[in-house]
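With the sequence shown counted from 1, adding 348 to any position gets you the numbering used here. Reading through the structure tokens given below for one structure.
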Amino acid sequence: MSISVNFNTGRTSAYPSYSVQRSSSAVQQSTASTSQTASREALLGLSRLVNTLEELANHVQFKKSKEAGVTELVSTQDLGLYAGIDTATILRSTDDINSWYTSYSPEEPAWQGITSSDIALHGIYDGSNGSGTVEFRVNQGGFRNLGAIEIEVSLPNGGGTETITTNASDAESTIYTLSNGLGFSLSSGFLAGGDVASTTVTLSTTESINPDNPFNGSGSGGPHFENGHVVTAGTFQVNGATITVAETDSVNSVLAKINASSANVTASFDVDSEIITLTQNSLGSDHEITVGNDTTGFLAATKLASATQVKGLDHEPDRPLSRVNAFDSVQSGTLAVNGSNLTLDVDNDSLNNVLTLLNNAPSELSATLVNASQRVSLSVRGEPYTLSISSGNTGLFPSLNIADGDYEFSKTNTISAASRKRSYRAADELEKFHDGLVNAAVLLRQSAANKTESLEESLLAIQEDYTRRFGAEKLRSVGVEWRELDQGLIDYSEASRRRFTKALQRNDTLEHMLLGRNDTETGLLEEISTTLESFILQQARSGGYGQIINMYA
Numbered sequence: 349m350s351i352s353v354n355f356n357t358g359r360t361s362a363y364p365s366y367s368v369q370r371s372s373s374a375v376q377q378s379t380a381s382t383s384q385t386a387s388r389e390a391l392l393g394l395s396r397l398v399n400t401l402e403e404l405a406n407h408v409q410f411k412k413s414k415e416a417g418v419t420e421l422v423s424t425q426d427l428g429l430y431a432g433i434d435t436a437t438i439l440r441s442t443d444d445i446n447s448w449y450t451s452y453s454p455e456e457p458a459w460q461g462i463t464s465s466d467i468a469l470h471g472i473y474d475g476s477n478g479s480g481t482v483e484f485r486v487n488q489g490g491f492r493n494l495g496a497i498e499i500e501v502s503l504p505n506g507g508g509t510e511t512i513t514t515n516a517s518d519a520e521s522t523i524y525t526l527s528n529g530l531g532f533s534l535s536s537g538f539l540a541g542g543d544v545a546s547t548t549v550t551l552s553t554t555e556s557i558n559p560d561n562p563f564n565g566s567g568s569g570g571p572h573f574e575n576g577h578v579v580t581a582g583t584f585q586v587n588g589a590t591i592t593v594a595e596t597d598s599v600n601s602v603l604a605k606i607n608a609s610s611a612n613v614t615a616s617f618d619v620d621s622e623i624i625t626l627t628q629n630s631l632g633s634d635h636e637i638t639v640g641n642d643t644t645g646f647l648a649a650t651k652l653a654s655a656t657q658v659k660g661l662d663h664e665p666d667r668p669l670s671r672v673n674a675f676d677s678v679q680s681g682t683l684a685v686n687g688s689n690l691t692l693d694v695d696n697d698s699l700n701n702v703l704t705l706l707n708n709a710p711s712e713l714s715a716t717l718v719n720a721s722q723r724v725s726l727s728v729r730g731e732p733y734t735l736s737i738s739s740g741n742t743g744l745f746p747s748l749n750i751a752d753g754d755y756e757f758s759k760t761n762t763i764s765a766a767s768r769k770r771s772y773r774a775a776d777e778l779e780k781f782h783d784g785l786v787n788a789a790v791l792l793r794q795s796a797a798n799k800t801e802s803l804e805e806s807l808l809a810i811q812e813d814y815t816r817r818f819g820a821e822k823l824r825s826v827g828v829e830w831r832e833l834d835q836g837l838i839d840y841s842e843a844s845r846r847r848f849t850k851a852l853q854r855n856d857t858l859e860h861m862l863l864g865r866n867d868t869e870t871g872l873l874e875e876i877s878t879t880l881e882s883f884i885l886q887q888a889r890s891g892g893y894g895q896i897i898n899m900y901a
């Protein structure tokens, strides 16, 4: 006749109770001596299991050649940000101040006779008559301001003649134009009939702007502006600062006045290119250059009047999001990372501020900007290597070319055949531990049922801790399914063995779980081993089994 004995300790458990079938005669024959022997054998069995756990740890802790898996989330395309140093806004002359491709000389031809009225040339020769001599002949003379004067102009290379007739009432500043772009003016005085003056026109520029000659200088002593530009006394403004110009000023003296003003720019003239450059003293696109309100003609003469400023560049990763074109669609609001809510202020937060915000969030997230490729990289620093991101109403992550959603990262390991064998050996050691613990539990039950309570409670606490840390489904996926003490603590079915060996071969998760991630972190094997050691010593001392202690020591 046999009876069924249930060794349930009375604690609530999610696992099925374990029953052992015994004959009634076996129960009746149990004596104190048998109980002591069973207890001794149980403790010896547990001490051997500590060694088994050490062997299991040795097989788990093997070197693996790693093949990178999906460990980070990266922008799908470049952000197009400027990540260089800040630069200054500049305003330059639109062209050479004197870009004539033709020239004429002298600009004030001398009369060959007794004429006292000076002739001065103006305008730009258009090259229509080629290179040659232009001759001015007085056909009808007299005093400039008393009657009409007739000048005949002969143009070179078959250009013919043109006749200009002046009136006594014409101002001395009156310019009489010719068909080739040139013009001339006559001062007061006498013009002798038949007198002749001439100048030479060429198709190559022979004179450049002279930045030191006064604006009221004439001929070779003038500044040589093109298009007949004249600079007179008056004012103009640069960034709201008023610059006063005198007729005796020169290009360089006006630039010096600009530099000394409150315009906060540096003005310079390049002799080779004949271009004036105004450079903002403050860096960045926020600091502009404006010119205008000119009563002097200086801005037109130096080709700054119609110039367009080239704004400075900003180091955009440090610029508020609202002021970076790439983030035009981003709004202030709340975003979520792995359940943590983060507040975004586009008027104050830059991209680098956002990355710092993400790195400081309680989400084990590492966020960086890869300057070379202008992409954002998001990676998870620790297990379980999952990432959930939501932009909320901000639109942040899509602007980084990263889609909102849930992501699971993996660290894939490619291991050699030898390492695969070691994973099988580790599984064999786990089987040995499983079977040994079942046998030890039976012996402990035979000696005294209450002896197992403290051990079961300690092991249950370990199981609950690891379930809380990793989750039951994650544990199951790596071959760790909890069982009661009587059932070997960890399931060792064929399916669990397969999951266990594959997990060791493919990723670090199980290795870290069993051994800990570093020297300061204990793993599952060490915690179980420590619990068994503590139980063995406690039971040996209470039962007087010094021999067991000596054997174990």
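A virtual CB, placed ideally from N, CA and C, is assigned to each residue, including glycine.
Residue i - partner residues in DSSP beta bridges
i: Gly531; result: His470 and Thr525
i: Phe538; result: Phe491
i: Tyr840; result: Paired residue(s): none; Tyr840 is not in a bridge.
i: Glu756; result: Thr734
i: Asp618; result: Ile623
i: Gly508; result: Leu503
i: Arg485; result: Glu500 and Val544
i: Trp830; result: Ile838
i: Gly582; result: Val593
i: Thr513; result: Glu498
i: Tyr452; result: Val549
i: Pro668; result: Ser698
i: Gln628; result: Val613
Residue i and residue j closer than 7 angstroms at C-beta
i: Leu631; j: Pro665; result: no
i: Ser739; j: Leu661; result: no
i: Ala540; j: Phe484; result: no
i: Ala589; j: Leu427; result: no
i: Ser736; j: Asn689; result: no
i: Ala851; j: Gly827; result: yes
i: Phe573; j: Asp642; result: no
i: Leu401; j: Leu873; result: yes
i: Gln886; j: Leu391; result: no
i: Val408; j: Leu862; result: yes
i: Leu791; j: Glu389; result: yes
Where residue i falls, given that 16 or more other Cβ within 10 Å makes a residue buried
i: Ile433; result: exposed
i: Gln794; result: buried
i: Gly461; result: exposed
i: Leu858; result: buried
i: Leu421; result: buried
i: Val375; result: In this prediction, Val375 has a pLDDT of 41, which is less than 50 and means its spatial position is unreliable; what the coordinates show is noted afterwards. By the neighbour-count rule (16 or more Cβ atoms within 10 Å), Val375 is not buried but exposed.
i: Asn558; result: buried
i: Leu726; result: buried
i: Thr870; result: exposed
i: Leu551; result: exposed
i: Glu339; result: Shown here, the chain extends from 349 to 901; a query on residue 339 therefore has no answer.
i: Ile884; result: buried
i: Val718; result: exposed
i: Thr592; result: exposed
i: Gln425; result: exposed
i: Lys769; result: exposed
i: Ala765; result: Residue confidence is low: Ala765 scores 33 on pLDDT, short of 50, so the model does not pin down where it sits. No coordinate-derived value is stated.
Option nearest residue i by Cα separation, candidates the options
i: Glu832; options: Glu801, Leu439 and Met861; result: Glu801
i: Lys780; options: Arg388, Glu389, Arg396 and Leu391; result: Arg396
i: Glu595; options: Ser566, Asn612 and Gln585; result: Ser566
i: Ser447; options: Ile623, Lys769 and Pro454; result: Ile623
i: Asn493; options: Ser521, Glu483 and Ala820; result: Ser521
i: Thr663; options: Asn686, Leu427 and Ala431; result: Correcting the residue identity first, residue 663 is His in this sequence and not Thr. Answer by Cα proximity: Ala431.
i: Asp754; options: Gly743, Tyr733 and Ser771; result: Tyr733
i: Asn587; options: Ala519, Asn629 and Val578; result: Asn629
i: Ser527; options: Ile472, Met861, Ala436 and Lys769; result: Ile472
i: Asn741; options: Val593, Asp783, Arg770 and Asp693; result: Asp693
i: Pro454; options: Glu756, Asn696, Val549 and Leu647; result: Val549
i: Tyr524; options: Pro710, Ile497, Phe818 and Arg770; result: Ile497
i: Leu503; options: Val482, Leu785 and Gly495; result: Val482
i: Thr513; options: Phe538, Arg723, Gly529 and Asn487; result: Asn487
i: Ser601; options: His577, Thr638, Ser621 and Phe563; result: Phe563
Beta carbon proximity, residue i to chain D, threshold 7 angstroms
i: Glu622; result: No chain D appears in this structure, which consists of one protein chain only.
Check whether the stretch 500-520 touches the stretch 474-485, taking contact to mean three or more Cβ pairs, one atom from each stretch, closer than 8 angstroms. Yes, the stretch 500-520 touches the stretch 474-485.
Does the structure place the stretch 452-466 close enough to the stretch 533-545 that three or more beta carbon pairs sit under 8 angstroms? yes
Looking at C-beta atoms only, is the number of pairs between the stretch 666-674 and the stretch 604-620 that lie closer than 8 angstroms three or more? no
For the stretch 768-788 against the stretch 836-853, do three or more pairs of beta-carbon atoms, one drawn from each stretch, fall closer than 8 angstroms, so that the two count as touching? Between the stretch 768-788 and the stretch 836-853, the count of Cβ pairs shorter than 8 angstroms is three or higher; the stretches touch.
May I ask you to verify whether the stretch 438-456 touches the stretch 644-657, counting CB pairs closer than 8 angstroms and requiring at least 3? yes
Stretch-stretch touch, CB-based, cutoff 8 angstroms, three pairs: the stretch 673-692 with the stretch 599-614: no
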